[in-house]
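What follows is one structure encoded as structure tokens, with my remarks underneath.
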Amino acid sequence: MFKEGLLKGKRILITGGGTGLGKEIAAKYLELGAELWLCGRRGAVLESTAKELVAGRGGVVRTHSVDIRDAAAVDAMVQRIWDESGPLTGLVNNAAGNFISPTKDLTPNGFNAIA
Numbered sequence: 403m404f405k406e407g408l409l410k411g412k413r414i415l416i417t418g419g420g421t422g423l424g425k426e427i428a429a430k431y432l433e434l435g436a437e438l439w440l441c442g443r444r445g446a447v448l449e450s451t452a453k454e455l456v457a458g459r460g461g462v463v464r465t466h467s468v469d470i471r472d473a474a475a476v477d478a479m480v481q482r483i484w485d486e487s488g489p490l491t492g493l494v495n496n497a498a499g500n501f502i503s504p505t506k507d508l509t510p511n512g513f514n515a516i517a
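The numbering of the sequence shown is the numbering used here, which starts it at 403 and goes up by one.
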């Protein structure tokens, strides 16, 4: 469906890339030639996913453990990515920083956490 090597030379960050939809997106982007950065809260899960993806498809997958609700931590992650591999050329905002609750029951802090 996609041209081979379509994402060659692209550096893409996938938030929530360790499991589920983020992991599946990572697998496809890696097949298309992208260099990947995966981030999420669980470092061990990210590392396991990165090893699995590289073993199955080759390529470059790096990880960074971060809570995307922490703006300073996200800034530090982006700086690390820049320092270690250069600028990003793509972003998949897959991670969710939310919780299950009817909107009417959210506190102001709860709303800010997911907005």
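Using N, Cα and C, we set each Cβ at its ideal position, and we do this for glycine too. All values derive from a computational prediction rather than experimental measurement.
- Inter-residue distance for residue 452 and residue 503 is about 32 Å (C-alpha atoms, whole angstroms).
- Put simply, of 463, 404, 415, 406 the residue whose alpha carbon is nearest the alpha carbon of residue 481 is 415.
- Residue environment: residue 496 is assigned as buried (16 or more neighbouring CB atoms within 10 Å of its CB, all protein chains considered).
- Secondary-structure assignment with DSSP links residue 437 through a beta bridge to 413.
- Excluding residues up to 5 positions away in sequence, 420, 421 lie with their Cβ nearer than 7 Å to the Cβ of residue 447 in the same chain.
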